[in-house]
DNA sequence: CTGAATATATATCAAATGATATCTTTTGAT
DNA sequence: ATCAAAAGATATCATTTGATATATATTCAG
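Protein chains in written order, with the UniProt record's numbering: chain A, 1 to 232; chain B, 1 to 232.
Structural data, given as structure tokens:
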């Protein structure tokens with residue numbers, strides 16, 4: 001009976017943290033693989049991305065992916081967790097503040113200002129960053145496909161983000177709790193940002209912009225801010 | 001020298017219309033393949049969709065795809081053309097009217113009403129229809145990936161649609177020609193609809209809706225209409 | 001009814017791809 | 001310096017997949 005031997009050290013698939021030891025060089029290789037995988041998965045999706053391409057981009061050989069992440073799906077899940085972590089790094093302070101403020105029963109005007117800050121930061125992340133749009137592609141694709149990483153991304157990113165947005169919109173409209181209209185509004189507002197993340201090349205082409213310079217980004221943000229000003 | 005023989009009849013790849021004759025039953029098979037292909041490509045994308053799955057869904061054998069469309073890419077392009085045609089069928093009258101009205105220098109109020117009609121119809125198409133969201137997935141994916149069908153879809157669907165929306169917004173704001181702000185606004189408005197097309201299952205899940213009933217759709221449309229009312 | 005045009009079916013091919021068995025090299029604590 | 005753990009490299013499998021050569025069946029105009 002050829003029963004499966006336990007892998008020699010790093011990961012089996014449902015890993016959470018490195019178990020025993022681990023050399024520095026190994027951790028670097030692991031990081032390179034994760035980076036390359038986020039790019040490939042983000043650009044092409046789970047099925048269309050190939051492990052060979054990821055291995056090549058990461059400068060490792062093919063079995064290294066299995067060694068560090070167990071399987072293609074294990075690697076995909078690890079990417080999802082990494083993306084959640086990176087969004088949190090960039091948004092957590094702002095989001096925590098806004099959440100606390102909501103709890104403290106802020107004024108509609110204050111809510112509007114915080115909504116601008118949150119959406120503005122998110123917009124900047126999506127529009128300007130050359131790496132965040134890869135995360136966004138990853139997340140949006142998973143929201144549409146509902147693949148292996150759906151639960152992680154929905155529960156830890158999408159739902160909390162939309163809920164916060166809905167609560168801020170609700171407060172800005174003078175409501176006490178988020179109405180269906182406020183929640184619909186939140187979905188529409190966040191989804192509208194895809195125009196400049198997933199579909200950024202097309203948007204730039206349509207606008208005749210060679211790239212997303214600071215000045216140009218400012219004009220996008222101005223339009224979004226105006227929309228927020230008109231809420232309520 | 002095994003030079004490529006011309007296919008026995010239907011398509012070589014860059015087909016436009018059936019050349020000579022063609023039996024009725026053949027045309028039915030062709031239609032089934034196209035239908036199945038739009039579903040597969042829309043749901044999975046070019047690379048991830050498999051010709052075998054498409055053939056099975058269409059109740060034909062594998063070589064039939066080559067026989068009718070030349071290759072996987074030929075089939076993909078045929079889907080793009082078909083989707084352009086179907087959108088036109090459902091939107092053309094409205095779009096033509098709005099275009100003519102713009103040319104006739106309508107009032108901001110009229111422009112706003114027409115904008116509501118166009119976006120409302122589009123929203124209804126995306127939200128309610130179980131087939132139009134497949135076309136939308138197809139189109140949006142191509143806008144992001146810029147694959148073989150990009151030129152067709154951009155030039156014949158996306159750009160004209162966004163341009164019309166931008167012009168109506170511009171007119172509603174009292175402008176004489178579409179400003180950058182109006183065009184950005186148009187991009188955001190159209191992109192926001194993805195919340196209820198590509199990402200519809202997630203939106204329903206978040207809202208706690210088991211499905212998109214007429215009543216529920218009406219509340220989505222109301223929020224969108226309010227946003228249009230606040231333009232300018 | 002007949003036959004050329006049209007359409008369908010069978011059987012493979014070659015390349016791409018995820019996975020993995022096996023061997024060698026490197027690392028770093030002792 | 002030694003050695004077990006960790007990491008990397010090579011070679012190869014089994015599937016999947018797009019493509020197609022070839023044979024058979026069907027359609028419908030005359």
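Yeah, the Cβ is synthetic: ideal placement off N, Cα and C, and Gly gets one too.
Given the structure is predicted, the values throughout are model-derived calculations rather than measurements.
Against chain A, the beta carbon of residue 201(B) has neighbours under 7 Å at 146, listed in chain order. Beyond the five residues adjoining it in sequence on each side, residue 189(B) comes within less than 7 Å, by CB distance, of 119 and 165 in the same chain, given in chain order. Residue-level contact check: residue 143(A) touches chain B, since one or more beta carbons of chain B fall below 9 Å from its beta carbon.
A Cβ-Cβ distance of about 6 Å is found for the pair residue 41(B) and residue 138(B), placing them in contact under the 8 Å criterion. Assignment of residue 175(A) by DSSP, reduced to helix, strand and coil, places it in the coil class. A Cβ-Cβ separation of about 6 Å places residue 68(A) in contact with residue 33(A) under the 8 Å criterion. Listed by position along chain B, the residues whose Cβ is nearer than 7 Å to that of residue 230(A) are 230. In this structure, the alpha-carbon of residue 176(B) lies about 22 Å from that of residue 94(B). Between residue 206(B) and chain A, the shortest Cβ-Cβ separation is below 9 Å.
With respect to chain B, the C-beta atom of residue 198(A) has a partner C-beta closer than 9 Å. For residue 178(A), no chain B residue has a Cβ inside 7 Å of its Cβ, as the nearest lies near 11 Å away.
Between residue 220(A) and residue 186(A), the C-beta gap is not smaller than 9 Å, which leaves the two residues out of contact.
At least one beta carbon of chain B lies nearer than 9 Å to the beta carbon of residue 185(A).
DSSP places residue 221(B) inside the alpha helix (DSSP H), whose first and last residues are 214-229. Close partners of residue 72(A) in chain B (Cβ separation under 7 Å) are lacking, with about 13 Å as the shortest Cβ gap. In terms of beta-carbon proximity, residue 195(B) lines the interface with chain A, with at least one pair separated by less than 9 Å. Pairing residue 49(B) with residue 212(B), the inter-Cα distance amounts to about 27 Å. Pairwise C-beta distances place the segment 53-61 of chain B out of contact with the segment 89-109 of chain B, as fewer than three of them are shorter than 8 Å.
Note that the C-beta distance between residue 84(B) and residue 146(B) is not below 9 Å. By the rule that beta-carbons nearer than 9 Å mark a contact, residue 159(B) touches chain A.
Below 8 Å, too few C-beta pairs join the segment 121-129 of chain B and the segment 169-184 of chain A to call them touching: fewer than three. By the rule that beta-carbons nearer than 9 Å mark a contact, residue 125(A) does not touch chain B.
Residue environment for residue 25(B): exposed (fewer than 16 other C-beta atoms within 10 angstroms of its C-beta). Setting aside the 5 residues that flank it on each side, residue 29(A) is surrounded in the same chain by 60, each with a C-beta closer than 6 Å to its C-beta; the list follows chain order. Taking residue 53(B) as the centre and dropping the five residues before and after it, the same chain places the C-beta of 40 closer than 7 Å to its C-beta, in chain order.
One thing to note: residue 79(A) has its Cβ within 9 Å of the Cβ of residue 37(A). Listed along chain A is no residue with a C-beta nearer than 8 Å to that of residue 40(B); the closest approach is about 12 Å. For the segment 28-60 of chain B, the continuous alpha helix (DSSP H) assignments of 4+ residues that do not extend past its boundaries occur at 51-57, in sequence order. Ranked by Cα distance from residue 231(A), the options 152(A), 109(A), 71(A) and 97(A) are led by 109(A). Using a Cβ-Cβ cut-off of 7 Å, residue 87(A) is close to nothing in chain B; its nearest Cβ partner there is about 17 Å away.
Residue state for residue 149(A) is assigned as coil, using DSSP reduced to three classes.
Chain-ordered, the chain B residues with CB closer than 9 Å to the CB of residue 48(A) read 44, 45, 46, 47 and 48. Closer than 9 Å to the CB of residue 222(B) there is at least one CB belonging to chain A.
A distance below 8 Å between beta-carbons, with the five flanking residues on each side excluded, links residue 76(B) to the following residues of its chain, in chain order: 37, 41, 46, 147, 148 and 149.
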